[in-house]
Amino acid sequence: MMNKQDRMKFDIRAIEIVSQMSLAEKISLMSGSITPEKMMHDFSTPGYHYNMVPYPAGGNDRLGVPNLRFCDGPRGVVSGNSTCFPVTMGRGATFDIDLEERVGKAIGREVRANGGNYFGGVCINLPYNPGWGRSQEVYGEESFHLGEMGKALVRGVQSQNVVACIKHYAFNSMEISRFKVSVTCDERTEQEVFLPHFKDCIDEGAASVMSAYNLYNQVYCGHSEYLLKKVLREDWGFDGFVISDFVWGVKDTVAAANGGQNVEMPCTMLFGEKLLKAVEDGFVSEASIDESAVCIVRTMLAFEEAQDPEQYPQSVICCDDHKKLALECAHKSLTLMKNDGVLPFSSSVKKVAVIGKLGNKENIGDHGSSRVFPPYVVTLPQALKKRNLEVVICDGSDAEEAGRVAASVDAVMIVAGYDHDDEGEYVAPADEMIDMETAGMDSVGGDRENLGLHKEEAELIKAIGGINPKTVAILIGGNTIITSDFDQSVPAMMMAYYPGMEGGTAIADIVFGDVCPSGKLPFVVPYKAEDLPYVKWDTERQYYEYYHGYARLEKMGIKPEFPYGFGLSYTQFALSGEQVTVSDSDVTASCNVKNVGSVSGDEVVQLYIGFENSLIDRPKKLLRGFAR
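As structure tokens, this is what we get:
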């Protein structure tokens with residue numbers, strides 16, 4: 029994998045190349061190359077979509093500097109018709125570092141096959157509250173877990189000589205107010221909760237960072253000298269380059285350039301000629317421009333000239349191996365939350381009802397900038413029909429009809445939850461400022477005020493969940509769905525997240541016992557929303573406290589309905605031989621895991637560490653290791 033040491037070998041050469049550039053040439057490295065008109069064309073023209081082809085930036089043909097060719101993510105490559113993996117939250121539920129690295133390699137291959145060399149999809153923001161609309165794009169609520177999974181994706185992507193970009197740096201976990209909110213927190217919360225996973229990925233060798241739209245301590249993150257220079261470069265030793273979030277990530281030419289912003293994406297709006305004039309007028313030093321130029325040139329040369337591990341024909345895109353990988357991810361992500369002896373369904377089940385408004389829908393996640401356009405999506409009814417089952421589809425809008433259907437079949441699958449209109453990247457109404465990045469997208473998205481199901485879905489489950497003894501509720505969503513209102517009305521329940529292009533196949537395989545469920549919740553599920561930190565989603569100021577998620581509930585002595593890391597199986601496991609060795613700075617733990625049940629399956633071993641008799645306030649325990 030391309031790491032910092034490899035890149036720094038190009039430092040002298042990069043300095044020499046930059047010394048031969050005019051000021052205008054150096055500044056031309058610092059902006060995206062597409063026009064606003066091109067972006068709007070992609071959004072508004074049938075047959076096109078955002079980032080359909082990689083978006084270019086920088087480059088210098090005269091001096092042999094390659095340009096950046098941006099492909100978005102993170103559930104796959106947005107460009108072309110690429111493989112759609114489960115959303116990142118679903119992949120977080122696998123707790124499988126090796127699997128995520130293999131996903132990164134597949135994504136890297138497809139970036140290259142699409143003509144790109146840069147992947148803007150290592151999304152590792154920490155959801156302060158699970159209602160954050162884009163939390164489906166991250167791995168979970170736990171900083172350590174975010175860092176470990178993010179590092180794996182970085183390794184995989186960069187193994188294919190593709191620049192991996194970690195985003196959105198930082199404190200970006202509110203969608204509706206993302207352009208205006210200023211987040212504040214104390215120094216300990218900053219350093220122990222919201223920044224460590226970014227540092228983990230920088231230490232792993234991530235070559236680029238995307239700054240966030242929001243403000244931190246009243247300064248836009250894309251202008252923040254504290255975040256972009258002090259923390260990122262001085263404290264962490266980052267050698268790569270920073271890009272802005274798209275279109276509105278730079279608000280002021282001088283503030284951004286002096287604050288440490290290196291590349292304005294994807295269009296030249298406030299850099300370019302405006303930055304040239306700012307230098308000529310003495311508001312930005314040419315030395316600052318040189319620093320940005322050297323970082324960009326050094327990074328792009330290192331990746332361009334590294335030996336490729338393989339070839340990247342277009343046939344790589346959504347190839348059979350990658351489809352199988354998407355299915356493996358979905359299998360390992362599905363999280364069995366409840367099972368009163370109902371699952372798996374036996375071979376005697378021949379007729380199945382799929383009930384709910386989401387039951388027959390291609391529902392693979394947000395329709396914002398992370399949207400992937402795979403060549404197909406397997407719905408649950410399609411997957412069941414492939415098993416030669418008779419399938420009855422009912423949208424559940426009439427509870428009495430749904431009840432009659434449930435009573436007439438061998439088994440029932442109620443599909444409930446969310447889609448791109450309920451949560452995701454926010455598209456403002458027409459009478460508000462519409463950011464160019466999301467104009468023309470066909471969803472509303474935003475943050476979720478309600479952490480439970482829609483009222484009509486919860487009522488449907490309560491009305492029909494007990495009619496047929498072989499009934500399972502399949503929950504779809506990007507983060508916590510509080511189930512206390514309805515879970516006693518149904519004998520089995522499974523969290524499916526947004527399971528990707530092979531999601532229907534994976535759900536059918538799990539429900540009928542071809543695959544043993546092994547996913548674990550990457551978030552806590554409380555009994556009520558009030559147990560979690562309060563967030564006013566449309567606001568200009570938000571304070572982030574130290575405690576959130578499972579650590580907050582444990583601090584307050586509140587029992588969750590489903591704890592972080594929870595997930596049932598069709599088999600049983602026994603741990604033995606536990607050993608823990610503690611030194612001044614390290615804890616080493618080991619154990620033996622044995623499947624003592626009758627079904628083949630995987631288990632995730634989780635290590636939590638706490639401090640007894642601590643002189644300072646600490647969480648009761650924190651995740652500090654896991655292995656599948």
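Be aware that the sequence shown starts at 29, since it is given in the working numbering, and climbs by one per residue. Backbone N, C-alpha and C fix where the C-beta goes; we use that ideal spot for every residue, glycine too. Bear in mind that the values here come from a model prediction, so they are computed numbers and not experimental data.
Other residues of its chain near Val-259: CB distance less than 8 angstroms, five sequence neighbours each side excluded: In the sequence shown, residue 259 corresponds to position 231, counting from 1. Cβ neighbours of Val-259 beyond the five flanking positions: Leu-223.
Cut-off 7 angstroms between Cβ atoms - residues of its own chain near Ser-557, not counting five sequence neighbours on either side: Against the sequence shown, residue 557 aligns to sequence position 529. Reading off the sequence, residue 557 comes out as Ala, not Ser. Excluding residues within five positions, the ones whose Cβ falls inside 7 angstroms are Leu-479, Ile-510.
Pairwise C-alpha distance: Ser-201 and Asp-566: Along the sequence shown, read from residue 1 onward, the residue named residue 566 stands at position 538. Along the sequence shown, read from residue 1 onward, the residue named residue 201 stands at position 173. So the two alpha carbons sit approximately 12 angstroms from each other.
Test item: CB-CB of Val-322 and Val-46 under 7 angstroms: Here residue 322 refers to the residue found at position 294 of the sequence shown. Here residue 46 refers to the residue found at position 18 of the sequence shown. Result yes, Cβ atoms of Val-322 and Val-46 sit closer than 7 angstroms.
As assigned by DSSP and simplified to three states, the class of Ala-235: As a first step, residue 235 is located in the sequence shown; it is residue number 207 there, counting from the start. Here Ala-235 sits in coil by DSSP.
Cα-Cα separation between Lys-302 and Thr-281, rounded to whole angstroms: Within the sequence shown, residue 302 is the residue found at index 274, counting from 1. Within the sequence shown, residue 281 is the residue found at index 253, counting from 1. About 7 angstroms.
Cβ pair Gly-132, Gly-168 closer than 7 angstroms: By one-based count along the sequence shown, residue 132 stands at place 104. By one-based count along the sequence shown, residue 168 stands at place 140. For Gly-132 and Gly-168, no; Cβs fall outside 7 angstroms.
Cβ separation of Val-182 and Val-150, assumed to be a contact under 8 angstroms, to the nearest whole Å: Taking the sequence shown and counting its residues from 1, the one referred to as residue 182 is at position 154. Taking the sequence shown and counting its residues from 1, the one referred to as residue 150 is at position 122. 6 angstroms between Cβ atoms; contact.
Exposure of Arg-569, with buried meaning 16 or more beta-carbon neighbours within 10 Å: Translated into the one-based positions of the sequence shown, residue 569 becomes position 541. Result: exposed.
For Pro-64, the first and last residue of its enclosing alpha helix (DSSP H): For this step, residue 64 is matched to residue 36 along the sequence shown. Element bounds for Pro-64: 64-72.
Cβ neighbours of Gly-532 in the same chain (closer than 6 angstroms, five flanking residues each side left out): As a working note, residue 532 is residue 504 in the sequence shown. Hits under 6 angstroms: Val-406, Thr-407, Leu-408, Gln-410, Ala-411.
Reduced DSSP category for Ile-586 - H, G, I as helix; E, B as strand; rest coil: Your numbering for residue 586 matches position 558 in the sequence shown. Coil at Ile-586, not helix or strand.
Whether Thr-609 touches Phe-551 by CB criterion (7 angstroms): Here residue 609 refers to the residue found at position 581 when the sequence shown is read from its first residue. Here residue 551 refers to the residue found at position 523 when the sequence shown is read from its first residue. Going by C-beta atoms, Thr-609 is not nearer than 7 angstroms to Phe-551.
Inter-stretch contact at 8 angstroms, needing at least 3 Cβ pairs: the segment 345-358 / the segment 387-397: Three or more beta-carbon pairs separated by less than 8 angstroms are not found between the segment 345-358 and the segment 387-397, which leaves the two stretches without contact.
Residues of its chain near Asp-459, where Cβ-Cβ distance is below 7 angstroms and the 5 sequence neighbours each way are ignored: Residue numbering aside, residue 459 sits at position 431 when the sequence shown is read from its first letter. Because the pLDDT of Asp-459 is 37, which lies under 50, any placement of that residue in the model is unreliable, and the question is left without a value.
Rounded C-alpha distance that separates Phe-98 from Pro-294: Position 70 of the sequence shown, counting from 1, holds the residue named residue 98. Position 266 of the sequence shown, counting from 1, holds the residue named residue 294. In this model, Phe-98 and Pro-294 are separated by some 9 angstroms (Cα to Cα).
Per-residue burial, Ile-40 [other beta carbons within 10 Å of its own, 16 or more giving buried]: Looking up residue 40 in the sequence shown gives position 12. Looking at its Cβ environment, which holds fewer than 16 other Cβ atoms inside 10 Å, Ile-40 is exposed.
Of the residues Pro-94, Gly-92, Val-93, Gly-108, the one placed nearest Met-80, counting alpha carbons only: Position 52 of the sequence shown, counting from 1, holds the residue named residue 80. When the alpha-carbon of Met-80 is set against those of Pro-94, Gly-92, Val-93, Gly-108, the nearest one is in Gly-108.
Inter-residue spacing [alpha-carbon to alpha-carbon] between Gln-607 and Pro-372: Residue mapping note: residue 607 aligns to position 579 of the sequence shown, counting from 1. Residue mapping note: residue 372 aligns to position 344 of the sequence shown, counting from 1. One C-alpha to the other measures close to 35 angstroms.
Entirely enclosed alpha helix (DSSP H) segments - the segment 279-349, minimum 4 residues: Segments of the alpha helix (DSSP H) lying fully in the segment 279-349: 281-287, 301-308, 314-333.
Cβ-based burial, Cys-213 [other Cβ within 10 Å; buried from 16]: The residue you call residue 213 lines up with position 185 of the sequence shown. When all chains shown are included, Cys-213 counts as buried.
From Asp-450, Leu-417, Ser-397, Leu-488, residue whose alpha carbon lies closest to that of Ala-427: Working through the sequence shown from its first residue, we reach residue 427 at position 399. Out of Asp-450, Leu-417, Ser-397, Leu-488, Leu-488 has the C-alpha closest to the C-alpha of Ala-427.
Inter-stretch contact at 8 angstroms, needing at least 3 Cβ pairs: the segment 320-338 / the segment 187-195: Three or more Cβ pairs drawn from the segment 320-338 and the segment 187-195 lie within less than 8 angstroms of each other, which places the two stretches in contact.
Residue environment, Asn-416, which counts as buried when at least 16 other CB atoms sit within 10 Å: For this step, residue 416 is matched to residue 388 along the sequence shown. Asn-416 sits exposed, since fewer than 16 C-beta atoms from the chains shown fall within 10 Å of its C-beta.
CA-to-CA distance, Gly-431 to Asp-450, given in whole angstroms: Numbered from its first residue, the sequence shown carries residue 450 at position 422. Numbered from its first residue, the sequence shown carries residue 431 at position 403. Approximately 26 angstroms, taken between the alpha carbons.
Residue environment, Gly-452, which counts as buried when at least 16 other CB atoms sit within 10 Å: The count along the sequence shown starts at 1 and reaches residue 452 at position 424. Burial call: buried.
Contacting residues, own chain, Cβ-Cβ under 6 angstroms from Lys-648 (five flanking each side not counted): In the sequence shown, counting from the first residue as 1, residue 648 sits at position 620. Taken in chain order, the residues that qualify are Glu-582, Gly-638.
CB contact flag (Val-553, Phe-590, <7 angstroms): Taking the first residue of the sequence shown as 1, we reach residue 553 at position 525. Taking the first residue of the sequence shown as 1, we reach residue 590 at position 562. It is a contact, given that the beta carbons lie within the stated cut-off.
Secondary structure of Lys-11, DSSP reduced to three states: As displayed, the chain neither begins before 29 nor continues past 656, which places residue 11 out of reach and without an answer.
With 16 other Cβ atoms within 10 Å as the buried cut-off, status of Cys-112: Counting from one through the sequence shown, the residue named residue 112 turns up at place 84. Under this definition Cys-112 is a buried residue.
Three-state class that DSSP yields for Arg-97 in the structure shown: Looking up residue 97 in the sequence shown gives position 69. Of the three classes helix, strand and coil, the one that applies to Arg-97 here is strand, per DSSP.
Per-residue burial, Asp-88 [other beta carbons within 10 Å of its own, 16 or more giving buried]: Here the question's residue 88 lines up with position 60 in the sequence shown. Strictly speaking, residue 88 in this sequence is Asn, with Asp absent from that position. Residue burial annotation: Asn-88 is buried, with at least 16 other C-beta atoms found within 10 angstroms of its C-beta.
Proximal residues to Ala-617 (C-beta, below 6 angstroms), its chain only, five neighbours per side dropped: The residue given as residue 617 occupies position 589 in the sequence shown. Once the five neighbours on either side are set aside, the close Cβ partners of Ala-617 are Val-608, Leu-635.
Cα-Cα separation between His-350 and Ile-55, rounded to whole angstroms: Translated into positions along the sequence shown, residue 350 becomes position 322. Translated into positions along the sequence shown, residue 55 becomes position 27. Straight-line Cα distance between these residues: approximately 39 angstroms.
Local Cβ density within 10 Å of Ala-270, reported as buried at 16 or more and exposed below that: Looking up residue 270 in the sequence shown gives position 242. For clarity, residue 270 is Val in the given sequence; the question names Ala instead. Answer is buried; the Cβ neighbour count reaches 16.
Per DSSP, cross-strand counterpart(s) of Asp-84: Residue numbering aside, residue 84 sits at position 56 when the sequence shown is read from its first letter. The displayed chain sequence assigns Pro, not Asp, to residue 84. Paired residues: Arg-97.
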